[in-house]
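Visitor:
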Amino acid sequence: MEIEALSALVASGAAVLGVPAALVVGMRQARAARQAAELAAGSAREQWRSSTRREAAVTFVLEIDRALEEARKLSASYDVLDLDESKQVQRALWRAMAVVRIEGPKSLSDVAADAYKLVNGALGRHLVHHVQARPQFLIRAAANEGSEVADKVRKRLALPTGRDSLLQHPMWAELAASGILPTRELHRLENHLRHSGTWPDREAHSTFHETYEQARGKIDAFIDAVYAHFDQEPAH
1 MEIEALSALV
11 ASGAAVLGVP
21 AALVVGMRQA
31 RAARQAAELA
41 AGSAREQWRS
51 STRREAAVTF
61 VLEIDRALEE
71 ARKLSASYDV
81 LDLDESKQVQ
91 RALWRAMAVV
101 RIEGPKSLSD
111 VAADAYKLVN
121 GALGRHLVHH
131 VQARPQFLIR
141 AAANEGSEVA
151 DKVRKRLALP
161 TGRDSLLQHP
171 MWAELAASGI
181 LPTRELHRLE
191 NHLRHSGTWP
201 DREAHSTFHE
211 TYEQARGKID
221 AFIDAVYAHF
231 DQEPAH
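For reference, each letter of the sequence shown is one residue, going 1 to 236 in the working numbering.
#1: Keeping to the same chain, check which residues put their C-beta closer than 6 Å to that of M1; ignore five residues upstream and five downstream.
#2: Comparing the C-beta of L186 with each C-beta of chain B, is any distance below 9 Å?
#3: Going by beta carbon distance, what residues of the same chain come within less than 6 Å of V119, once the five residues before and after it are set aside?
#4: When burial is assigned at 16 or more other CB atoms within 10 Å of the CB, is K218 buried or exposed?
#5: As a quick exercise: from K73, L189 and D224, pick the residue whose alpha carbon is nearest that of L138.
#6: Just to confirm the assignment, what range does the alpha helix (DSSP H) spanning D84 have?
#7: Please state whether the Cβ-Cβ distance between R202 and S86 is less than 9 Å.
#8: Could you give the distance in angstroms between the alpha-carbon of H229 and the alpha-carbon of V61?
#9: Am I right that N191 and T183 are in contact with their C-beta atoms under 8 Å? What's the rounded C-beta distance?
#10: What does the alpha-carbon distance come out to for the pair W172 and H187?
#11: Closest to A133 by C-alpha separation, out of S77, R95, D164 and A221, would be which residue?
#12: Distance check for L157 and A96, CA to CA, integer angstroms please.
#13: Could you pull out every residue in the same chain whose Cβ sits closer than 6 Å to the Cβ of H126, ignoring the five residues on either side in sequence?
#14: CB V153 to CB L175, shorter than 9 Å?
#15: Flag this pair as yes or no: are the beta carbons of V149 and A142 separated by less than 9 Å?
#16: My output table needs one value for G121: the three-state DSSP class, helix, strand or coil.
#17: With C-beta atoms as the reference, is P105 less than 9 Å away from E185?
#18: How is V149 classed by DSSP in three states: helix, strand or coil?
#19: Quick check: the Cα distance between D224 and D84, rounded to an integer number of angstroms?
#20: Below 6 Å CB to CB, which residues in the same chain sit around A57 once its five sequence neighbours on both sides are set aside?
#21: Between D82 and R101, what straight-line distance do the alpha-carbon atoms span, to the nearest angstrom?
#22: Taking the straight line between their C-alpha atoms, what separation do you get for S178 and E145?
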């Protein structure tokens, strides 16, 4: 029905009821305007949600890639490192994962969680190893700089049989007196020597390589899931 005819019909009915026709037409127009505004607001909300999800996905991919490379760096290093940066990388990955969980959808956050669990676990293990193995790394660094005491201790620590008797050997007193290890690290090493089950052995390179390849596959799976999700979204 044409809008003019509809308005006339509404006006005639309103007149019978004693309601001003202009008021009725105005109410109809206001309702239509409100519905249009609600549709526009809904579209804006969907666009905003889509944008935040895209941003969350991109941030997660960048942070998980950074965390995986940080784990790779730690897995290959025997240097005494400042681990604050590695811990910041781990925290940034946690935040990125949290945002993906909040923004959703679950189909994406579940895939992201699989990748997160693997990469965060690898980074966490190597962070712990670098903390626990810090005395050995300090001794290695001192030996490379020419310390004879450090060189002798390093060679002895390389063999399980040498570790067993180091605390009773005069070499231990030499190490303690040399100042190569701060008191905290000297106590850490002593604890490892007294409790052989706590010795911080490094993860085999082949094991980390396998973890690395699995992580890359899971990151790729998340990227594919992101593409699939946004390809299915209706155009606004």
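From the three backbone atoms N, C-alpha and C, an ideal C-beta is built for every residue, glycine too. Nothing here was measured: the structure is a model prediction, and the numbers come from that model.
Guide: On the basis of the supplied data:
#1: Note that M1 scores 49 on pLDDT, short of 50, meaning its location in the model is unreliable and no value can be drawn from it.
#2: The structure shown contains no chain B; it is built from a single protein chain.
#3: I64, A67, L68 and A215
#4: buried
#5: L189
#6: D84 to E103
#7: no
#8: 15 Å
#9: Actually they are not in contact, since the Cβ atoms of N191 and T183 sit about 13 Å apart, beyond 8 Å.
#10: 12 Å
#11: S77
#12: 40 Å
#13: A71, L74 and S75
#14: yes
#15: yes
#16: helix
#17: no
#18: helix
#19: 33 Å
#20: V226
#21: 31 Å
#22: 14 Å
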